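Peer 1: A single structure is presented below for examination.
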Amino acid sequence: MPTSIGNKVRNRKPKGNWQWEGCSVDIHFGEKFSREFVDVKESRDTAEGLMNLHNNEAGRRRLRTVPSRHTAKGAGVTSGTRGTGIHLEWPFRACAL
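Laid out in structure tokens, this is it:
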């Protein structure tokens, strides 16, 4: 499995019986990022900007209600998480689409 350390990439075999199970998403981080990065570019003074802001929020709400496996991640930085939070997991094919 390719892993990245700095600007070096090396192949490494997973330890034990590790198996890919899907994508894990930190919902709180994603919502905050989308508001700070995507919404800030939209004008609140135009119909198009208001429509885009509405659609962005509708997308965030949809992600909160999508059928998926909810998991609780422990405190600390492990397995690519940013501390404790709500995470959703989708099968790999759903992430790739």
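Position one of the sequence shown corresponds to residue 1 (my numbering), numbered consecutively onward.
Note that beta-carbon positions come from the ideal geometry of N, C-alpha and C, so glycine has one too.
These numbers come from a predicted model, not from an experiment.
1. What is the DSSP secondary structure of D45, reduced to helix, strand or coil?
2. To which residues of the same chain is G59 closer than 7 Å at the C-beta, ignoring the five residues directly before and after it?
3. Identify, in the order they occur along the chain, each residue of the same chain with its Cβ nearer than 6 Å to the Cβ of A72, setting aside the five sequence neighbours on each side.
4. Look up V38 in the DSSP assignment and say whether it is helix, strand or coil.
5. Rounded C-beta distance between I27 and L63? I'm assuming under 8 Å.
Peer 2: Working from what's here:
1. Under the three-state reduction of DSSP output, D45 falls in the coil class, being neither helix nor strand.
2. Cβ neighbours of G59 beyond the five flanking positions: none.
3. Confidence at A72 is low in this model, with a pLDDT of 46, below 50, so the placement of that residue should be treated as unreliable; the coordinate-derived value is given next. Excluding its 5 nearest sequence neighbours in each direction, A72 has no C-beta neighbour in its own chain below 6 Å.
4. DSSP places V38 in coil when its eight states are reduced to three.
5. Taking C-beta atoms under 8 Å as the contact rule, I27 and L63 qualify, at a distance of about 7 Å.
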